[in-house]
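With this note's numbering applied, the sequence shown corresponds to residues 2 to 244, in that order.
The beta-carbon is built from N, C-alpha and C at its ideal position, and this holds for glycine as well.
Being a predicted model, the structure only gives us computed values, none of them experimental.
The block underneath contains the structure these notes are about, expressed in C-alpha cells.
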Amino acid sequence: MPQATVLRLANQLAVYPGMLEQYGRRAQTRSDHLKLVLKYLDWKPVPTRGETLKELEQFLLDRAMEHDSPSLLFHQAAEFLISARMVRPGVVTLMEMVATARTGAGALTSERVDHLLARPMRADLDRLLVHDPEIGATRLAWLTTPAVEATPASIKLAIDKLMYLRALDAHLLDLSMLPRRCPCRGRCGRAPHSRPGPAVQGLRRRNAAKVRRLLASCGYRATLPSPLRRCVFRRYMPASSGT
C-alpha cells in the first residue's frame, strides 16, 4: 500500500501508522468490518441464492442473446449488482455465471432457428467449411474477414460476399425470433442525461475516430445473418480452426 495512503488512513483513524500492519491478523476482523461497512452503506452481501441471483442469471442470459463478449457480460453483471446495491461475488464465480449464460444463449439461439435449418441449408453451411481453391480459404473464413481499407477492391469484395449470401437465400431468413441488437451495443455506451463537461467533450472528440471504426464494424457484422454466425458457425468452429 502506498505510504501516502497509509498516512492518510492513520490520520483519519487517529492511530499510529505502524499499527495498521496488525490489521487483519484476527481472522474475523475483516469479515466483521465488511458487515459494518455494508450496513452503513445499506448494501447487501454476496448473493448465493434467492430471487436476486435468479434475476442476475436471467439478466446475463438476456444480454448473452444480444452479444457474445465475455468481458462485456462480466462488466454488465457488475453494473447490475451495483444498481442492486449488492456486493459482487468472486471473479471465478461471476466468470462461471457468464460462461453458463453464453452456453444457454447458444442453446436458445439454436432452438429458435432450428426450423430455418432445413437439409439444403445445412448442406450449404457444411460447404462453408470446405477449403475453396478459388479463394484460398474456407468460405466461412472469407465471409468473416472484415475489410481493412476503403478501396475499390475492398468494395467489390464486400459486394461479392453479399451476392454469395444472397445465393444462399440468407436475406430471406426470418430472424424476428432473435434480439435485433448490435453486437457492440454495450461498448457504444449510453448518452448521459446531463450535458457533459469540457473534459468529457474533449475525450469524445479524441475518440471520435475509434467510435466511427466501431460503428463501421457493427455495420459490417449486421450484413451477415446472425444465426449463421452465432449458432451454426459456432458449432463448426473447432473443425474450421485448423484450415
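Per DSSP, reduced to three states, the secondary structure at His132 is strand. When DSSP reads this structure, Lys45 sits in a beta bridge with Met87. A straight-line Cα-Cα distance of about 40 Å links Met20 and Met98.
Non-local C-beta neighbours of Met96 in its own chain, meaning closer than 8 Å and more than five positions away in sequence, comprise Pro71 and Phe75, ordered along the chain. Assigned with DSSP and collapsed to three states, Ala119 falls in coil, not helix or strand. Between the alpha carbons of Val131 and Leu141 lies a distance of about 9 Å. A residue is called buried once 16 or more other Cβ atoms fall within 10 Å of its Cβ, and Val114 is buried on that count. The continuous stretches of alpha helix (DSSP H) do not include Tyr17, and DSSP gives it neither H nor E.
Rounded to the nearest whole angstrom, the C-alpha separation of Asp125 and Val88 is 48 Å.
Rounded to whole angstroms, the separation of the alpha carbons of Ala79 and Leu37 is 22 Å. The beta carbon of Arg128 is closer than 8 Å to those of Arg140 in its chain, skipping five residues each way along the sequence.
Beta-bridge partners of Thr139 (DSSP): His132.
Looking at Ala85, Asp69 and Leu61, the one whose alpha-carbon comes closest to that of Pro46 is Ala85.
Just measuring C-alpha positions, the residue of Glu56, Leu61 and Thr49 sitting nearest Gly91 is Thr49. Between the C-alpha atoms of Ala11 and Pro3 there is a straight-line separation of about 12 Å. In this chain, the alpha helix (DSSP H) harbouring Gln59 covers Glu52 to Glu67. The C-beta separation of Ala102 from Leu62 comes to about 5 Å, placing the pair in contact by the 8 Å criterion. Distance between Lys55 and Leu73, taken at the CA atoms: about 19 Å.
Taken through DSSP and simplified to helix, strand or coil, Glu112 comes out as helix. Within a 10 Å sphere around the beta-carbon of Lys157 sit fewer than 16 other beta-carbons, which makes this residue exposed.
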